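First the structure, in the form of structure tokens, and then the observations on it.
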Amino acid sequence: MLTISPFDPAHALYDQVVPSGESWMYPLDAGQTLRIIDLEGNQAVDTLFYNAHDPSERYSATDTIRAQSHLYLTTGTRLMSSEGRVMGIITADTCGRHDTLGGACAAESNQVRYALEKRYMHNCRDSFLLALASWGHGFDKRDIPSNINFFMNVPVTPEGRLTFEDGLSEPGKYIELNAAMDLIVLVSNCPQLNNPCNAYNPTPVRMLIWDAA
Amino acid sequence: MSEFSPNLIVLEDHLRGGESLSLVLRRGYSLRLTDLEGGANVAALFYNAEEKLERYNMADTLKAQHIFYLTQGYVCYSDMGRILVSLTADTCGWHDTVCGVSNAALVQEKYGEGSYQELRNDFYRNGRDRFLIELGKWGLGKRDLVANVNFFSKVAADAEGNLNFHAGFSPPGAYVDLRAEMDVLMVLHTCPHPLDPGPRYAPKPAALTVWESGPGGDPDDPCRLSRPENARGFVNTTRHFCQSHRH
């Protein structure tokens with residue numbers, strides 16, 4: 007569902023551009039709102055959430071799908087944790103559909119999907135691993151479950167085929183979510199060069215945070 | 003040669019409804035899961051038994067094969083681009099990959115109170131707790147719990163992405179064969195599917211049969227030929243396994 011946010015970027019308490027191929031790990035307090043803007047269109051923003059006080063509780067794609075009995079994310083979607091609790095709610099969305107089935111690209115999955123020679127290419131899982139290692143506090147590879155891909159369109163057919171369609175996103179489209187608990191947000195702004203979904207052109211995104219209204 | 007052969011059986015076991023089990027299935031062995039009464043749900047997670055940080059990856063499995071469900075001819079990928087198990091036979095036709103498991107709150111909400119104090123070993127067990135119990139036996143925990151496969155359960159999506167659970171999809175006697183391509187820690191339970199709309203807590207049993215099938219990946223292996231991606235997956239798996247097992 008397409009919905010526009012009332013928040014004004016001029017009043018944001020945080021405003022940062024994240025280039026493609028970079029990670030972004032940042033706390034988001036309960037009540038705060040995060041907006042991710044797809045600055046140039048059809049950029050994949052691979053995203054995970056952790057409970058800031060107990061990161062073993064984390065975003066769960068299966069709980070999110072199961073709780074909604076629905077595959078795609080948009081306004082009103084409750085982002086569920088591995089403990090079955092609401093971590094956040096999508097409160098605005100000018101794109102209309104976001105994926106949580108496709109996961110993150112990795113050196114190894116790129117080898118399988120495209121060619122064994124693709125191992126050297128930068129990928130989201132590398133960004134996740136480096137961000138988690140740099141953050142410390144015991145984070146490691148075990149803390150990488152299936153993620154959200156904001157702005158990606160991965161439709162499933164009634165016959166059960168998974169298809170990678172051209173994105174629905176365009177320059178300036180955004181997603182906004184309101185945190186229901188104190189969170190740590192982990193983003194990899196996807197560097198994938200092998201997939202037409204981003205026109206083989208990874209681009210920057212912009213992060214904005216507002217305090218509770 | 004991965005066809006089922008009674009002469010080569012090394013293990014026969016049985017799970018009651020709501021029970022859980024973990025076992026290592028070595029490369030070259032296959033496990034047949036049988037839905038004894040129809041309508042069973044066997045939830046499964048797979049780990050590299052040698053290095054359990056390597057685990058089944060739902061997203062990599064789906065996107066490598068452009069599928070949303072599993073059946074004969076498909077494989078389950080780890081997060082390291084290797085094949086943990088191949089589905090060499092399947093009389094059921096659809097196994098759910100995206101709905102995860104029930105938890106204590108969901109089971110109580112759907113079925114009411116079902117405590118051990120009251121019901122003894124018929125108490126209402128839930129999927130998440132069963133997985134945590136089995137994982138705990140191997141030194142694993144919450145952080146190792148990822149999206150699982152639900153064998154024998156069909157959940158399809160309509161064009162808008164709404165999910166529909168197909169009640170009674172799996173007939174009595176339906177089976178699926180899983181061939182281990184690495185040494186795989188398998189964690190299984192038979193708790194009801196989280197979207198099963200049945201009003202009564204009535205988990206169904208399943209039979210387990212392990213036989214020495216030999217590994218897959220031959221040039222004419224249907225699981226290798228089903229997708230060009232899978233040929234590369236088998237190459238990755240062979241490279242890894244040959245490095246770590248010289249015999």
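As you go down the protein sequences, you meet chains A and B in turn. If you use the working numbering, the first sequence corresponds to residues 7 to 219, in order. If you use the working numbering, the second sequence corresponds to residues 3 to 249, in order. Cβ atoms here follow ideal geometry from the backbone N, Cα and C, with glycine treated the same way. The structure presented is a predicted model; accordingly, all values stated were derived computationally and were not measured.
Q: Classify Y118(B) as buried or exposed, calling it buried when 16 or more other Cβ atoms lie within 10 Å of its own Cβ.
A: As a working mapping, residue 118(B) is identified with position 116 in the second sequence. It counts as exposed.
Q) Can you find a C-beta in chain B that's less than 9 Å from the C-beta of A5(A)? A) A query on residue 5(A) cannot be resolved here, the shown segment of chain A reaching from 7 to 219 and no further.
Q) Rounded to a whole number of angstroms, what is the C-alpha to C-alpha distance between R130(B) and S88(A)? A) Counting from one through the second sequence, the residue named residue 130(B) turns up at place 128. Counting from one through the first sequence, the residue named residue 88(A) turns up at place 82. About 9 Å.
Q: List the residues that DSSP assigns as beta-bridge partners of K179(A).
A: Taking the first sequence and counting its residues from 1, one reaches residue 179(A) at position 173. Per DSSP, D44(A).
Q. Hey, how far is the Cα of G37(A) from the Cα of V148(B)?
A. For the purposes of this step, residue 37(A) is identified with residue 31 of the first sequence, where counting begins at 1. For the purposes of this step, residue 148(B) is identified with residue 146 of the second sequence, where counting begins at 1. So the two alpha carbons sit approximately 28 Å from each other.
Q) Leaving out five residues before and five after D105(A) in sequence, what residues of the same chain have Cβ atoms less than 6 Å from its Cβ? A) Numbered from its first residue, the first sequence carries residue 105(A) at position 99. N155, M158, V160.
Q) So which of T209(A), L19(A), Q198(A) has the shortest CA-CA distance to G47(A)? A) Residue numbering aside, residue 47(A) sits at position 41 when the first sequence is read from its first letter. Ranking T209(A), L19(A), Q198(A) by Cα distance to G47(A) puts T209(A) first.
Q) Name the DSSP beta bridge partners of T9(A), please? A) What you label residue 9(A) is simply residue 3 of the first sequence in a count that begins at 1. Note: T9(A) sits in a beta bridge opposite D99(A).
Q: Have a look at the DSSP bridge pairing and note the partners of D15(B).
A: Against the second sequence, residue 15(B) aligns to sequence position 13. Its beta-bridge partners are L210(B).
Q: Report the partner residues of S87(A) according to the DSSP bridge assignment.
A: To locate residue 87(A), count along the first sequence from 1; it is residue 81. BP columns for S87(A) point to Y65(A).
Q) Touch check for the stretch 187-196 of chain B and the stretch 36-51 of chain B: three-plus C-beta pairs under 8 Å? A) yes
Q: Entirely within the stretch 63-151 of chain B and at least 3 residues each: give me those beta strand (DSSP E) ranges in chain order.
A: 77-79, 85-92
Q: Between the Cα of S155(B) and those of D198(B), R34(B), E115(B), D62(B), spot the shortest distance and give me the residue it belongs to.
A: By one-based count along the second sequence, residue 155(B) stands at place 153. Considering only alpha carbons, the answer is D198(B).
Q | Per DSSP, cross-strand counterpart(s) of G94(A) | A | Mapped onto the first sequence, residue 94(A) falls at position 88. L85(A), A185(A).
Q. Listing by chain order, which chain A residues have their CB less than 7 Å from the CB of K144(B)?
A. As a working mapping, residue 144(B) is identified with position 142 in the second sequence. Chain A residues near K144(B): S62, S88.
Q. Would you report the Cα separation of E115(B) and R132(B), rounded to the nearest angstrom?
A. Your numbering for residue 115(B) matches position 113 in the second sequence. Your numbering for residue 132(B) matches position 130 in the second sequence. Roughly 17 Å separates the two Cα atoms.
Q) So is N123(B) in contact with chain A if we call contact Cβ pairs under 9 Å? A) Taking the first residue of the second sequence as position 1, residue 123(B) is located at position 121. N123(B) does not count as touching chain A.
Q: Using a Cβ-Cβ cut-off of 9 Å, state whether E231(B) counts as contacting chain A.
A: In the second sequence, residue 231(B) corresponds to position 229, counting from 1. So, interface residue.
Q | Same chain only: Cβ atoms within 7 Å of F243(B), ignoring 5 sequence neighbours per side | A | As a working note, residue 243(B) is residue 241 in the second sequence. Closer than 7 Å at the Cβ level, and outside the excluded window around F243(B), lie R29, M184.
(Q) Using DSSP's beta-bridge definition, name the partner residues of W216(A). (A) Here residue 216(A) corresponds to residue number 210 of the first sequence, with the count starting at 1. Looking at the DSSP assignment, W216(A) forms a beta bridge with T39(A).
(Q) To the nearest angstrom, how far is the alpha carbon of P177(A) from that of L45(A)? (A) Counting from 1 along the first sequence, the entry for residue 177(A) is found at position 171. Counting from 1 along the first sequence, the entry for residue 45(A) is found at position 39. The straight-line gap from Cα to Cα measures roughly 5 Å.
(Q) Would you say Y79(B) lies against chain A (beta-carbon separation less than 9 Å)? (A) Sequence index remark: in the second sequence, residue 79(B) carries index 77 (1-based). Closer than 9 Å to some Cβ of chain A, the Cβ of Y79(B) qualifies, so yes.
Q. Since Y71(B) meets chain A, which of its residues come closer than 7 Å, beta carbon to beta carbon?
A. Along the second sequence, one-based indexing puts residue 71(B) at 69. G166, listed in chain order.
Q | Closer than 7 Å at the beta carbon, the chain A residues around L147(B) | A | Counting from 1 along the second sequence, the entry for residue 147(B) is found at position 145. Within chain A, the residues near L147(B) are S88.
Q. Residues of chain A with CB under 7 Å from V44(B), in chain order?
A. Position 42 of the second sequence holds residue 44(B). Within chain A, no residue comes near V44(B); the closest Cβ sits about 16 Å away, beyond 7 Å.
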